[in-house]
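Visitor: Mapping of the sequence shown onto the numbering used here: residues 1 to 67, in sequence order. Can you read through this structure? Questions will come right after.
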Amino acid sequence: MIEVLGIILVVQGVGGFINRVAESSSKSWFVQLHLLPDWLHIPVSVVMVLVGAGVVLGDMARKRRSR
1 MIEVLGIILV VQGVGGFINR VAESSSKSWF VQLHLLPDWL HIPVSVVMVL VGAGVVLGDM
61 ARKRRSR
């Protein structure tokens, strides 16, 4: 289940980042674009990707160690 949270964070982060870099006026379904001021969109998107990737990779490592 924790992997799902990580994947959601990565998808939200990458999608929000692409949305801002492409200068789209639509906020679409990306949470950070609805909740935060414009100047925080890209930094928060990058952090979401990094945290999400860390969660997924950490969970995979934990599962590998427990075998």
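C-beta atoms are modelled at their ideal positions from N, C-alpha and C, and glycine is treated no differently.
Is DSSP giving F30 helix, strand or coil here?
Guide: F30 falls in the coil class under three-state DSSP.
Visitor: Spatial neighbours of R65 within its chain, please: CB distance less than 8 Å, with the 5 preceding and 5 following residues excluded, ordered by chain position.
Guide: There are no such residues.
Visitor: Identify the continuous alpha helix (DSSP H) that holds M65 and give its terminal residues.
Guide: Looking at the sequence shown, residue 65 is not Met but Arg. Taken as a continuous stretch (DSSP letters only), the alpha helix (DSSP H) holding R65 covers H41 to R65.
Visitor: By a C-beta neighbour count over all protein chains shown, 10 Å radius and 16 as the cutoff for buried, is M48 buried or exposed?
Guide: So M48 ends up on the buried side.
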